[in-house]
Structures are given as structure tokens and as C-alpha cells.
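In the numbering used here, the protein residues as written are 1 to 107.
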């Protein structure tokens with residue numbers, strides 16, 4: 001599976017703020033990366049809530065992914081699981097990454 005540098009992350013935010021997380025992914029040569037969220041490939045897709053982008057490829061094996069979650073509501077609190085998949089021909093090798101969003105001030 002693709003290797004994640006510093007994978008699971010916990011962030012504390014105020015409601016209405018955004019969360020931005022970066023993760024470096026090490027891929028085997030010639031593998032294509034996909035990032036799945038709720039079973040959809042969200043890589044390089046930006047919506048009003050979720051934006052997942054690869055930054056400039058550092059090299060063929062190592063890519064940095066930036067995950068942005070905008071306008072955090074109480075519904076966004078908790079664990080969001082992203083699945084990073086390294087795809088080669090018909091094979092996929094996947095690994096999960098969880099972002100835990102907590103309120104800035106504990107009630």
C-alpha cells in the first residue's frame with residue numbers, strides 16, 4: 001500500500017473555520033494515486049465543503065496531498081476517513097487516513 005508520512009491527524013477548530021491538512025504519500029513508480037472519501041475519488045476535486053489537491057509533485061514517488069475542509073459545522077466534528085489508493089493496472093493498494101476534528105473549546 002502507499003505509505004503515508006504522519007497519517008492520522010487531529011485538529012481543533014472553531015465552528016465556521018476551515019481545516020487544512022497536508023499528508024505526504026510515497027508511491028511505487030508508475031502507480032496512480034486516488035483519494036477516496038465516502039467511496040468517491042475526491043483527488044483534485046474542490047467543492048464548497050471539501051477540497052483535495054496534490055501540490056506540485058515533489059518527485060514521481062512522493063506526492064503531497066492537501067485536504068481542506070471548509071466552514072466546519074458540528075456535523076463535521078468527529079472522524080473523517082480518507083482512503084489513499086495506489087493503483088497500478090488492475091491492482092489497488094489502499095491505506096486509510098483519519099482526520100479527527102474537535103471543537104477548539106471543549107464544552
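Beta carbons are placed, not taken as given, at the ideal position from N, Cα and C, and that holds for glycine.
Note that the structure is a prediction, hence the values are computed from the model and not measured.
{"Query": "Could you tell me whether the Cβ atoms of residue 13 and residue 80 are closer together than 7 Å?", "Result": "no"}
{"Query": "Among residues of its own chain, excluding the 5 on either side of residue 95, which ones have a beta-carbon nearer than 7 Å to its beta-carbon?", "Result": "1, 2, 4 and 84"}
{"Query": "Check each candidate in 68, 50, 76 and 55 and name the one with the smallest Cα separation from residue 25.", "Result": "55"}
{"Query": "Report the residue from 87, 74 and 69 whose alpha carbon sits nearest the alpha carbon of residue 21.", "Result": "69"}
{"Query": "May I ask whether a heavy atom of the ligand FMN can be found less than 6 Å away from the beta carbon of residue 22?", "Result": "This structure does not include the ligand FMN; it has no bound ligands of any sort."}
{"Query": "Out of 86, 98 and 92, which one is the CA nearest neighbour of residue 110?", "Result": "Nothing can be reported for residue 110, as the shown portion of the chain is limited to 1 through 107."}
{"Query": "Straight-line CA distance for residue 102 to residue 75?", "Result": "11 Å"}
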